[in-house]
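Let me begin by presenting the structure, written as structure tokens, before commenting on it.
In the UniProt record's numbering, the protein residues as written are 1 to 812.
The following block contains the structure:
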């Protein structure tokens with residue numbers, strides 16, 4: 001395949017849908033400061049399309065981008081001959097850097113091959129490898145080369161590792177080696193991870209993740225006195241592993257194994273290699289946290305960094321988890337005597353200014369703790385007075401209190417203290433680490449068995465993180481949540497105070513500002529309107545939308561809205577009516593008629609655990625439901641439990657799969673009962689026989705809470721919406737996002753097939769259907785004329801026809 005025929009560098013002949021993806025991506029990359037929202041269902045090759053579009057665009061346009069840097073001087077009164085000379089110098093520096101870098105990488109690979117062949121003194125070869133880009137290249141050349149970088153973020157490391165597999169395909173095919181105007185030959189890739197993921201030190205890696213960072217810094221400090229007792233020998237050899245990682249594709253497991261093999265630190269190796277790799281893989285939590293990103297050496301450039309955020313339906317949750325901060329009040333109470341003890345022991349060695357700041361810090365912790373406790377006690381007292389006598393003990397023992405930041409700051413007297421000075425004081429004096437050491441010494445001296453509560457020794461770290469979050473919080477939108485629970489067994493009132501970040505666009509703007517282009521990709525991103533707060537500040541010309549028009553055959557997908565049961569009773573499964581006897585009986589009847597028509601596995605998802613529990617009890621205990629239960633029990637039933645651990649859910653899933661694959665004569669397949677947005681609906685691959693029918697019962701509208709109200713207010717204001725209409729309500733968008741993620745798991749590859757049933761009359765509404773994925777609505781059967789709607793004609797007959805045609809196709 002020639003360069004012209006394979007414009008985007010695919011390792012195979014691309015499908016039309018993949019070429020469309022890449023062409024739209026090129027439009028995005030050609031417009032600096034732009035954002036793209038790319039929706040491409042599972043099985044369309046969106047990962048390889050994103051990689052190839054970014055690599056091929058840089059390969060084709062890198063010289064143009066470098067040359068265009070002279071444009072920034074054109075607005076100034078600079079003579080034309082100076083501009084030409086500047087342009088020539090920039091191009092020359094750039095070409096010099098590429099040549100030197102390529103020479104270095106070739107040296108790395110040749111040395112690595114010698115090591116693989118067990119050549120003697122292989123470590124010497126690696127250590128002495130000439131790093132000519134450092135020794136002979138000008139700083140300007142280094143800056144020019146490091147201009148281009150592809151950063152790919154996703155939720156988990158397992159999802160990121162899929163990209164390593166795609167890059168491996170590019171290496172094996174050599175699709176970029178013969179590419180015209182190439183910058184990348186065999187693209188190199190690094191996987192950024194925390195110390196807790198990469199540390200190989202036998203003592204340090206056993207510690208809690210909260211302490212690993214500081215312990216690592218302590219063990220690798222250059223001026224350590226106690227070098228024999230606590231010392232890390234791996235950091236000094238990190239450059240060996242860094243060089244290997246540039247010519248060998250490694251995920252975090254490979255990095256750890258290779259690090260142990262050559263006795264080199266994977267964490268510092270990644271930081272070193274990341275400066276020169278073409279692609280950086282990074283988890284959400286690192287990407288969205290500026291300080292973490294900088295500490296790991298992940299740099300952005302507004303001219304040449306392409307940022308690709310995969311699984312983008314998780315982006316708002318990822319922002320929230322990255323910036324959410326919590327503090328336990330009982331730990332704060334323990335911190336107060338620890339600070340007093342530290343002051344008593346070391347106060348005489350403080351400078352006058354540090355002594356004053358430490359006392360301010362102690363007063364601040366004390367005032368914060370007392371005020372939050374006073375809030376909870378006042379709230380409990382009011383609940384006790386307003387509740388019935390028989391329920392008062394139960395109602396005031398647990399609760400949730402919410403505040404906006406302005407009110408909370410007034411209550412805790414936040415303005416009385418210069419928190420920026422306290423923040424700087426803690427950082428400059430390594431106070432968290434010193435307090436931790438002091439607390440541990442106090443714990444062990446008071447507990448001769450050495451089994452004291454070491455968690456309290458880390459409280460200052462947590463408290464500082466909480467204060468950092470308060471300082472940088474958005475006072476208009478972000479919320480404070482105080483949760484309390486009276487523990488009867490210990491007779492202690494547990495109080496937790498959390499900052500919930502609502503405003504995410506400020507963090508995202510910073511990301512976009514420092515990137516050439518930002519691409520959000522996912523299998524199902526509808527409703528797209530959810531993302532408007534992230535791009536509403538941009539002109540429409542800088543926003544690119546792409547939704548793959550996946551050509552799914554009518555033999556592979558059938559969607560049906562079921563608004564009523566066979567007797568013509570409306571399926572009204574709203575909050576106020578779903579538990580009624582008539583509605584539960586209508587639901588039992590509907591499932592009893594449908595389920596016997598479905599082969600293999602059936603997944604039924606309810607909108608809440610409460611609804612699932614009520615239905616499950618009804619069908620097993622209600623006399624009128626017993627005939628329907630007999631029909632349903634022809635398949636073995638598996639049920640998700642709200643209190644199940646991750647291991648128990650895994651065992652449930654494995655049992656469900658085993659029942660389907662075993663061809664059990666007693667049960668003609670299996671039924672999995674779960675909950676929308678639960679662990680099973682989000683984290684499981686329902687492919688082939690595991691889900692020949694997906695049934696969604698009701699709509700999962702979120703409960704109205706202070707946090708939801710704050711998020712809705714933020715959404716409306718940032719999206720320039722003045723009214724809360726049903727078709728654009730924040731609650732509807734959140735609801736349909738959950739539904740769409742579940743629907744997206746019904747088909748997992750091009751040959752998969754499934755029926756999707758939406759049980760509730762509200763699915764007939766136009767604004768609900770407008771928020772469904774376009775590839776799904778093309779196959780959706782929905783008769784809006786209720787008076788002419790017939791259960792057999794519009795539900796049972798289409799299902800029978802669908803599986804009859806599949807049986808015929810499967811025989812061929």
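Where is the CB? At the ideal position from N, CA and C, for every residue including glycine.
Does residue 491 come out as helix, strand or coil in the three-state DSSP assignment? Coil.
For the alpha helix (DSSP H) containing residue 627, name the first residue and the last one. Counting along the chain, the unbroken alpha helix (DSSP H) around residue 627 starts and ends at 626-632.
Among residues of its own chain, excluding the 5 on either side of residue 714, which ones have a beta-carbon nearer than 8 Å to its beta-carbon? So the list reads 477, 502, 503, 533, once near-sequence residues are dropped.
With a Cβ-Cβ cutoff of 8 Å, do residue 46 and residue 21 count as a contact? It is a contact, given that the beta carbons lie within the stated cut-off.
Per-residue burial, residue 382 [other beta carbons within 10 Å of its own, 16 or more giving buried]: So residue 382 ends up on the exposed side.
Nearest residue (CA-CA) to residue 418, options 429, 378, 364: Checked all of 429, 378, 364; the closest Cα to residue 418 is 364.
So, helix, strand or coil for residue 208, using DSSP? Coil at residue 208, not helix or strand.
CA-CA distance, residue 564 and residue 572? Residue 564 and residue 572: Cα-Cα distance of roughly 8 Å.
Using 8 Å as the threshold, is the C-beta distance between residue 481 and residue 356 below it? With a cutoff of 8 Å on beta-carbon distance, residue 481 and residue 356 are scored as not near each other.
Could you give the residue range of the alpha helix (DSSP H) that holds residue 269? From DSSP, the alpha helix (DSSP H) with residue 269 extends over 266-273.
Candidates 314, 339, 509, 562: which alpha carbon is nearest residue 783's? The candidate whose alpha carbon is nearest that of residue 783 is 562.
DSSP three-state assignment for residue 706, whether helix, strand or coil: Helix, per DSSP.
To the nearest whole angstrom, what separates the beta carbons of residue 700 and residue 738, a pair I think is in contact under 8 Å? That belief holds up - the Cβ atoms of residue 700 and residue 738 are roughly 5 Å apart, short of 8 Å.
Assuming residue 773 and residue 733 form a contact by the criterion Cβ under 8 Å, report the distance between their Cβ atoms to the nearest whole angstrom. In this structure residue 773 does not touch residue 733 by the C-beta definition: roughly 14 Å separates them, more than the 8 Å allowed.
What runs of the beta strand (DSSP E), each 3 residues or longer, lie entirely inside the stretch 654-678? Runs of the beta strand (DSSP E) inside the stretch 654-678: 670-675.
Beta-carbon proximity list for residue 619, same chain, < 6 Å, skipping 5 on both sides: The beta carbon of residue 619 lies closer than 6 Å to those of 588, 625, 629 in the same chain, with the five residues before and after it left out.
Bridge-paired residues (DSSP) for residue 149: DSSP, once it has assigned bridges, lists 305 as partnering residue 149.
I need the straight-line Cα distance from residue 767 to residue 542, nearest angstrom please. In this structure, the straight-line span from the alpha carbon of residue 767 to that of residue 542 is close to 27 Å.
Considering residue 603, what are the terminal residues of the alpha helix (DSSP H) in which it resides? No alpha helix (DSSP H) contains residue 603, which is instead part of the beta strand (DSSP E) from 601-606.
Neighbourhood of residue 28 by C-beta distance below 6 Å, restricted to the same chain and skipping five residues each side: Here the set comprises 34, 36, 517, 544.
What's the C-alpha gap between residue 7 and residue 31? If I take the Cα positions, the gap works out to 19 Å.
Note down, in chain order, each residue of its chain lying with its Cβ closer than 7 Å to the Cβ of residue 213, except the 5 sequence neighbours on either side. Excluding positions up to five away in sequence, the list reads 195.
Residue environment, residue 94, which counts as buried when at least 16 other CB atoms sit within 10 Å: Residue 94 comes out buried.
Relative to the alpha-carbon of residue 320, which residue among 655, 479, 368 has its alpha-carbon at the smallest distance? Measuring from the Cα of residue 320, the nearest candidate turns out to be 479.
Let me know if residue 110 comes out buried or exposed under the rule of 16 or more other beta-carbons within 10 Å of its beta-carbon. Counting the other CB atoms within 10 Å of its CB gives residue 110 a total below 16, which places it among the exposed residues.
Output the boundary residues of the alpha helix (DSSP H) element that contains residue 36. Where residue 36 is concerned, there is no enclosing alpha helix (DSSP H), although the beta strand (DSSP E) it sits in stretches over 34-39.
Please name the residue or residues paired with residue 154 in a DSSP beta bridge. Looking at the DSSP assignment, residue 154 forms a beta bridge with 283.
Which residue comes first and which comes last in the beta strand (DSSP E) that contains residue 638? Per DSSP, residue 638 belongs to the beta strand (DSSP E) from 636-639.
Pair every Cβ in the stretch 632-642 with every Cβ in the stretch 580-599, then say whether three or more of these pairs are closer than 8 Å. With a cut-off of 8 Å, the stretch 580-599 and the stretch 632-642 count as touching, because enough Cβ pairs lie within range.
Where does the unbroken beta strand (DSSP E) through residue 419 begin, and where does it stop? Segment 419-428 is the alpha helix (DSSP H) holding residue 419; no beta strand (DSSP E) there.
Answer yes or no: do residue 270 and residue 190 have a C-beta to C-beta separation smaller than 8 Å? Yes, the Cβ-Cβ distance between residue 270 and residue 190 is below 8 Å.
Should residue 548 be labelled buried (16 or more other beta-carbon atoms within 10 Å of its own) or exposed? Buried is the call here.
Residue 745 to residue 160 span [Cα, whole Å]: So the alpha carbons of these two residues sit roughly 19 Å apart.
Look at the alpha carbon of residue 605 and the alpha carbon of residue 677, and state the distance between them as a whole number of angstroms. The straight-line gap from Cα to Cα measures roughly 9 Å.
Are the CB atoms of residue 720 and residue 458 within a distance shorter than 8 Å? Cβ distance not < 8 Å, so residue 458 and residue 720 don't count as in contact.
Spatial neighbours of residue 204 within its chain, please: C-beta separation below 7 Å, excluding the five flanking residues on both sides. In the same chain as residue 204, and ignoring 5 residues on each side of it, the C-beta atoms closer than 7 Å to its own belong to 212, 215, 216, 219, in chain order.
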